[in-house]
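These protein sequence lines are chains X and D, in that order. When we follow the numbering used here, the leftmost residue of the first sequence carries the number 97, and every step to the right adds one. When we follow the numbering used here, the leftmost residue of the second sequence carries the number 901, and every step to the right adds one. Backbone N, C-alpha and C fix where the C-beta goes; we use that ideal spot for every residue, glycine too. These figures come from a predicted structure and were not determined experimentally.
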Amino acid sequence: MRGACQDLTVKYGHFVALDHINLNIPEGQSAIVLGENGAGKSTLLRTLAGWIRPTNGRVAINDQYLAQQERQVRAWVKLVPDTPQFYSDLTVWEHLEIVAQANHIRHWQDEATSLLTRFGIHRNLRSFPSRFSRGMQYKLALVMSLITKPELLLLDEPYGPLDPDSQIFLAKYLAELVASGVSVLLSTHVLPDEGAPHRILVLEQGRLVLDSFVADVMAAGNITLASLPHNVLTRVLAKVRASDA
Amino acid sequence: MHDLLLISRIRLRQATSQILYALRVLGVDTSKTDWVTYTYGLYLVGVFAGWTTVSWAGVLHLVASNPWMRPTWIIIIPPLLTFVAVVSWARALGTVPFKLAHGDLELLAPSPISRRALAASPWIVQQVKAALIQGFLGSLIVAFFHGVHRHLWIEVELFALWGMGVSGWGFVWSSLRVMSARKPRHWLWLLPLFGAIAVGAWSHTALLWPAHWVVLPLTIQSQAALRPQEVLGLMVVFAWTAALAVSGKIHLISIQEASALYADMRALGTVYAPNPQLVRDMVQASRLRGRRARGNMPTWHPPFAECGRLYVVLLRSPGQAFALLEIALLIRSALLLIFSSHTGIVWLFWLVACYRFQRGSTTFLWQRNANNAFIRQFWPDTLLERMLRSSVLPLSIVTGLSVLLWWLLPLGVPLSVKPALTLLALVIAWHFAETFELMRKLPNGSGAVGTREARTIGMGMFLFAAIVLHKLVMAWALTAILVFIVFRQGVSEFHRGTSSVGIPQD
């Protein structure tokens, strides 16, 4: 088991954002979460990362429960939210320094430089992130997360803010990470051809209505990868709503 | 004229919705249109008008009854008014004549709408504000020097005209600054200062001549060839004419650049007023965005990493360093109250100062860590550990500055062990009162607000105990209780299994 949750429920007042979710993302597996706006995708990722306290249920990473081994679990999981926030008075490089210092990471500079170069933000090391566009901010947040070498990487809408080249690079890079044993869970409405995940999850009003392997879904439905998010979402939700009705 | 009508309609709609909002806050059901609602609305307006008039009259008589009244001191008013005018114009030449909110920025600014029409409503608001504020201040100044003088109303009128003239010419200078697409020169704000120095060096009478008309009725009004209202009225008319001429040529690029932050703050709506911290953060971020990064962060490793960060933060945001100095001043004044006061009640005034104190926070680094869920996940330690690590340096700075101020200005409190221990207890009480409030609020996701209240409550308890009971023992006892509560809170957070405090943004 790498990342899992059991009977996970999150409520905001009376509003049920996540409704009894059971999930398991094994080591070296990637999954995408689909769902309409407000379906609970971000809440799921935030709860798995320990940013939101679940109303019910448990989150576990590597067989350690977040509730009991918070510090250890946090070291393994990193979440990049859709709009990451930064320190207003630290530069790009200083953010990376702070992260490396806090996590006792040594010899991180070469890897960070390489990642920054590959993401195309290496010319802005002395800039304040607040000056960046949303896409550049997302890239910096990714680099900050990646230098900590997380075992479970959670990405909220990673492809949305990125330009097409960066989308392809990120998809390939995530594939490399997954091959090296990292588990990746991302929510998205866009999927580049290079970004084939292993599994697909669909959320509808906080309920997990589909948890299946992408290969099975594509084979059964004659779906291409690029059209996967829209196609699957439309079909699954139509089916769910028909059965509900 | 079409543009002016369009803008007037929009401004009228905005003003109406603001008034309706205010009425709703005051309990008026604005969805109803019956006579009870109208009567209640009129009643509120009447109460407000009565309250304003009575308050103003009360303040006026309070000022007029001062025992140091010296009518001859009226001669300081023209230099004072001149100084205020010069500063006001220097400020005008450092900014834009008006700013636009969201909506205006996205819809009106890119359109070919008349710039003059766009500038009209801010111009009117500025003029009315200047007239009201200056008229009010003028009445108080005249009452202070002359009592309730028979020329009081004329003076109110003259001060109001002066205010409108100064504000109007400020608008003109500011508009001239942004008439070209080129980036406005940063040094322009120096022009009024150097201009005033040059004119003053040539003839200080010439420099003070315009402001001299404001107080003329109190001095030699019968000998003047022109009535002062006519002279100052002409100044206002010229300002209006000039503003009308230049406002049509304003280039909107500078207005748009300068309006970004203002528009964001306006978009906060009602949050804007009660959350000065948020506004300060936005202003700070906006200021830094436009600058090159100053200095480098020293690469110190934990547990000193936070010290390196504080160093670079203070270097880039000197306002934060000034805030620490302000806390030191407050702590110093509290020490003075505890050890010099015999009445035991004067510390209440200090508490008011403490509550009104907006900026200072010894926990600001920790707040930034704790409030940002994305950043927080990179810290492997708990919130409590982070608090302790990030507090060492701010606390040391405040303590050091307080002792330095004490040493420089003993003011009857000798440098000895007992007051020194009390001072230390004050600093720690301040810090833990803030921390306690932050920890109390963080788990439910409401964010780090309310530090003022926490400080005031904490310091109030501390000072009360320190003054009423034996100062030193109780001071430390109370500090120890605060520390204990904070640690207990931190430990219980830890045992609950998470220190997560993310604000849901799904």
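Inter-residue CB distance, residue i and residue j (contact presumed, cutoff 8 Å)
| i | j | result |
| --- | --- | --- |
| Leu304/X | Ile128/X | Going by Cβ atoms, the distance from Leu304/X to Ile128/X rounds to 13 Å, so no, they are not a contact pair. |
| Ala113/X | Gly136/X | 5 Å |
| Arg230/X | Thr179/X | 7 Å |
| Pro254/X | Leu266/X | 6 Å |
| Phe1045/D | Ile974/D | 5 Å |
| Ala1043/D | Val963/D | 5 Å |
| Val1115/D | Pro978/D | 6 Å |
| Phe1059/D | Gln1034/D | 5 Å |
| Ala1001/D | Arg1209/D | The Cβ separation is near 35 Å, so there is no contact. |
| Val280/X | Arg295/X | Incorrect: roughly 10 Å between the Cβ atoms, too far for contact. |
| Ile1407/D | Pro1117/D | In this structure chain D extends from 901 to 1406, so residue 1407/D is not present and cannot be described. |
Between the CA atoms of residue j and residue i - distance to the nearest angstrom
| i | j | result |
| --- | --- | --- |
| Pro1132/D | Gly1095/D | For clarity, residue 1132/D is Leu in the given sequence; the question names Pro instead. Straight-line Cα distance between these residues: approximately 21 Å. |
| Phe1278/D | Ser308/X | 32 Å |
| Leu242/X | Met1064/D | 59 Å |
| Asn318/X | Met232/X | 35 Å |
| Ala100/X | Ile121/X | 6 Å |
| Leu1107/D | Ala1098/D | 9 Å |
| Gly955/D | Met1079/D | One point to set straight first is that residue 955/D is Ser, not Gly, in the sequence displayed. If I take the Cα positions, the gap works out to 43 Å. |
| Tyr943/D | Pro1022/D | 30 Å |
| Ser1302/D | Leu1168/D | 37 Å |
| Pro1218/D | Tyr269/X | 41 Å |
| Lys224/X | Val1025/D | Checking the sequence, you will find Phe at residue 224/X rather than Lys. Answer to the nearest angstrom: the Cα atoms are 36 Å apart. |
| Ala171/X | Pro1280/D | 6 Å |
| Ser931/D | Trp951/D | 27 Å |
| Ala163/X | Arg98/X | 16 Å |
| Asp340/X | Ala334/X | 10 Å |
| Ala292/X | Leu906/D | 53 Å |
| Thr1335/D | Leu1311/D | 31 Å |
| Ser1014/D | His902/D | 9 Å |
| Gly146/X | His110/X | 21 Å |
| Leu1188/D | Val1213/D | 11 Å |
| Arg1193/D | Arg1085/D | According to the sequence as given, residue 1193/D is Ala; it is not Arg. Their Cα atoms are separated by approximately 22 Å. |
| Gln1156/D | Pro1092/D | 25 Å |
| Pro1010/D | Ser226/X | 25 Å |
| Ser988/D | Val1066/D | 8 Å |
| Gly1068/D | Ser1075/D | 11 Å |
| Leu144/X | Tyr161/X | 11 Å |
| Ile194/X | Thr953/D | 57 Å |
| Leu1161/D | Arg337/X | 45 Å |
| Met1135/D | Gly1047/D | 28 Å |
| Arg1268/D | Phe182/X | 9 Å |
| Leu186/X | Ile919/D | 42 Å |
| Ala1158/D | Ser1147/D | 17 Å |
| Glu190/X | Ala198/X | 12 Å |
| Thr1322/D | Met1197/D | 34 Å |
| Leu923/D | Leu211/X | 56 Å |
| Leu258/X | Thr320/X | 21 Å |
Option in the options with minimal Cα separation from residue i
| i | options | result |
| --- | --- | --- |
| Thr1141/D | Ala1098/D, Leu1168/D, Val1072/D, Leu1116/D | Val1072/D |
| Asn152/X | Asp115/X, His285/X, Ala311/X | Asp115/X |
| Ser885/D | Tyr1211/D, Leu993/D, Ser1039/D | No answer is possible for residue 885/D: it lies beyond the span of chain D, which begins at 901 and ends at 1406. |
| Glu1285/D | Leu1265/D, Ile1297/D, Val1298/D, Leu1304/D | Leu1265/D |
| Val274/X | His110/X, Ser339/X, Gly124/X | Gly124/X |
| Pro260/X | Ala338/X, Pro288/X, Leu281/X | Pro288/X |
| Ile1231/D | Ala1325/D, Val1066/D, His1112/D | Ala1325/D |
| Ala1205/D | Val188/X, Val106/X, His200/X, Asp185/X | His200/X |
| Ala102/X | Gly256/X, Tyr108/X, Ala156/X, Arg227/X | In the sequence on display, residue 102/X carries Gln and not Ala. Of Gly256/X, Tyr108/X, Ala156/X, Arg227/X, the residue nearest in Cα terms is Ala156/X. |
| Leu238/X | Arg227/X, Gly216/X, Arg222/X | Gly216/X |
| Leu250/X | Tyr183/X, Val286/X, Val278/X | Val278/X |
| Tyr108/X | Leu192/X, Thr139/X, Asn133/X | Thr139/X |
| Trp1306/D | Leu1225/D, Asn1272/D, Ile1328/D | Leu1225/D |
| Ala1273/D | Gly302/X, Asn133/X, Arg149/X, Leu104/X | Arg149/X |
| Ile1041/D | Lys999/D, Ala1030/D, Leu981/D, Ala1019/D | Leu981/D |
| Ala322/X | Arg295/X, Pro177/X, Thr330/X, Val286/X | Val286/X |
| Leu282/X | Arg222/X, Leu141/X, Gly134/X | Leu141/X |
Near the ligand ATP: residue i beta-carbon under 7 Å from a heavy atom
| i | result |
| --- | --- |
| Phe1239/D | Inclusion of the ligand ATP in the displayed structure is not the case, the ligand content being empty and no account of it being possible. |
Point to revise | Runs of alpha helix (DSSP H) lying entirely within the segment 970-1028 of chain D, each at least 4 residues, in chain order | key: 977-992
Exercise for review: Give, in chain order, every residue of the segment 189-205 of chain X whose Cβ lies closer than 8 Å to some Cβ of chain D.
Suggested key: Glu190, Glu193, Ile194, Val195, Gln197, Ala198, Asn199, His200
Point to revise | Every unbroken alpha helix (DSSP H) within the segment 235-274 of chain X, with a cutoff of 4 residues, ordered by chain | key: none
Review point. If contact means a Cβ-Cβ distance below 7 Å, which residues of the segment 279-303 of chain X contact chain D?
Key: none
Review point. For the segment 1208-1231 of chain D, which residues have a CB atom closer than 8 Å to at least one CB atom of chain X, in sequence order?
Key: Arg1209, Val1212, Val1213, Arg1216, Ser1217
**Study point:** Complete runs of the alpha helix (DSSP H) confined to the segment 1047-1108 of chain D [at least 4 residues]
**Key:** 1052-1077, 1090-1102
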